[in-house]
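In the working numbering, the protein residues as written are 12 to 357.
Written out below as structure tokens is the structure these notes cover.
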Ligand code: TLP
């Protein structure tokens with residue numbers, strides 16, 4: 012199977028498994044796991060923050076970031092297609108006690124002026140307190156769209172002007188920085204907190220990192236325990252994260268090239284709608300023209316022929332390239348698509 016449903020499906024490589032096997036471990040709740048401590052220092056350094064913390068998932072990283080950046084009842088300004096709003100089970104409201112003020116972004120990118128209009132009057136006690144601005148980079152539903160660093164800088168000025176904090180869901184931050192060939196700190200210097208996922212394109216089996224200043228990470232550590240995310244001998248998992256950061260960052264460029272190759276091929280088939288110029292990283296969305304092709308049959312026939320894609324809406328599909336999809340696999344997907352379409356076209 013060539014699995015394009017998500018970059019979360021990657022499996023550890025032999026090198027990664029060896030690193031995990033050899034990891035030195037201790038009890039991380041006591042702060043005594045040397046490999047986890049090493050990973051946390053490494054990520055803090057990479058992102059130019061005072062500290063970072065290992066957490067089980069991207070969802071928990073976001074949940075903790077919401078909780079530690081706000082007080083219950085506060086309002087968070089974000090794009091209406093943000094992962095934290097659409098795909099995290101309502102945890103922001105249920106567990107972190109915040110409400111969301113949704114803006115219509117441009118492929119997920121927020122407009123600083125619209126943000127400013129959304130900030131509540133802190134002097135009016137009828138209003139919730141706006142306390143946090145939330146951005147997602149790359150933007151998943153925006154098609155892996157990359158935030159321009161200058162836009163993040165502008166948003167950060169806006170946040171400071173209104174005394175708000177700024178968080179970046181950087182589940183795929185390193186896809187953005189590899190695509191732009193910039194240092195991650197070109198983004199992270201503008202945000203108060205961020206998170207990155209080790210278990211997406213980087214290929215680790217588990218784990219995300221939250222980063223910020225020392226006080227913030229102390230709060231996150233307290234809430235991580237409260238939310239049941241304090242783990243013990245996680246050095247085995249941290250070792251996979253260290254290996255991923257040492258070996259799998261630069262290669263993200265291959266995933267981007269494969270996604271572009273696939274997008275260009277899809278654009279040439281008249282039963283699909285896609286703008287290949289919008290594919291800048293490893294995520295692509297395309298629409299099926301229903302008069303020409305039945306979306307359900309397409310999904311099924313692709314599966315029968317060894318290709319998995321994610322059907323997001325009735326005629327809306329997502330494909331994500333990653334560590335376990337080579338250029339040859341991508342070419343195979345293209346030929347399978349063509350073959351399936353020739354059988355199914357109406
Ligand atoms: N995204 C998953 C699904 O939940 C949709 C995927 O397959 O893309 N932030 C962003 C931007 C994400 O895309 C995801 C996962 C998360 C947070 C949550 O990470 P996990 O899955 O580790 O909880």
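Think of the CB as a built atom: it goes at the ideal place given N, C-alpha and C, for glycine as much as any other residue.
For residue 350, the uninterrupted alpha helix (DSSP H) segment begins and ends at 338-355. Straight through space, the alpha carbons of residue 302 and residue 259 are spaced by roughly 41 Å. The Cβ-Cβ distance between residue 206 and residue 105 does not fall below 8 Å. The alpha carbon of residue 177 has as its nearest neighbour, out of 236, 113 and 201, the alpha carbon of 201. Here residue 337 is exposed, its C-beta having fewer than 16 other C-beta atoms within 10 Å. Taking C-beta atoms under 8 Å as the contact rule, residue 92 and residue 155 fail to qualify, at a distance of about 13 Å. Relative to the ligand TLP, the beta carbon of residue 226 is positioned no closer than 7 Å to any heavy atom.
According to DSSP, residue pairing for residue 207 in a beta bridge involves 181 and 220. Positions of the alpha helix (DSSP H) runs, each at least 4 residues long and wholly inside the region 112-146, are given as 123-129 in order along the chain. In the three-state reduction of the DSSP assignment, residue 52 falls in the helix class, which pools H, G and I. The alpha-carbon of residue 327 is positioned some 38 Å away from that of residue 55.
Taking all protein chains in view, the Cβ of residue 66 is crowded by 16 or more other Cβ atoms within 10 Å, so the residue is classified as buried. Given a length threshold of 4 residues, each whole run of the alpha helix (DSSP H) inside the region 254-291 is given here in chain order: 263-278.
Of the residues assessed, residue 323 falls on the exposed side of the cut-off, its CB having fewer than 16 other CB atoms within 10 angstroms. Distance check between residue 268 and each of 190, 90, 76 and 320 places 190 closest, using alpha-carbon atoms only. Buried is the label assigned to residue 44, since at least 16 other Cβ atoms lie within 10 Å of its Cβ.
Leaving aside the five residues that flank residue 292 on each side, the residues in its chain whose CB is nearer than 6 Å to its CB run, in chain order, 149, 155, 186, 190 and 267. Residue 32: not part of any beta strand (DSSP E); member of the alpha helix (DSSP H) spanning 25-32, first to last residue. By the Cβ criterion, the region 155-170 is in contact with the region 130-146, since at least three pairs of Cβ atoms, one from each stretch, lie closer than 8 Å.
With respect to the 8 Å criterion, residue 355 and residue 304 are classified as neighbours on the basis of their beta carbons.
The beta carbons of residue 22 and residue 253 sit no closer together than 8 Å.
The beta carbon of residue 133 is closer than 7 Å to those of 140 in its chain, skipping five residues each way along the sequence. Excluding sequence positions up to five before and after residue 224, its CB lies within less than 6 Å of the CB of 61, all in the same chain and listed in chain order. Between the beta-carbon of residue 204 and that of residue 76 there is about 5 Å, and that keeps the pair under the 8 Å contact cut.
Residue pairing by DSSP leaves residue 245 without any beta bridge partner.
The closest CA to that of residue 277, considering only 245, 351, 255 and 265, is found on 351. Non-local beta-carbon contacts of residue 27 in its own chain, meaning distances under 6 Å to residues more than five positions away in sequence, involve 251 and 254 in chain order. A Cβ-Cβ distance of about 5 Å is found for the pair residue 219 and residue 69, placing them in contact under the 8 Å criterion. In this structure, the ligand TLP has no non-hydrogen atom nearer than 7 Å to the beta-carbon of residue 293. Going by C-alpha positions, residue 244 is about 37 Å away from residue 270. Between residue 25 and residue 315, the alpha-carbon positions lie close to 29 Å from each other.
A distance below 8 Å separates the beta carbons of residue 294 and residue 151. Residue pairing from DSSP places residue 296 in a beta bridge opposite 329. Listed as beta-bridge partners of residue 168 by DSSP are no residues whatsoever. Around the Cβ of residue 242, a 10 Å sphere holds 16 or more other Cβ atoms; the residue is buried.
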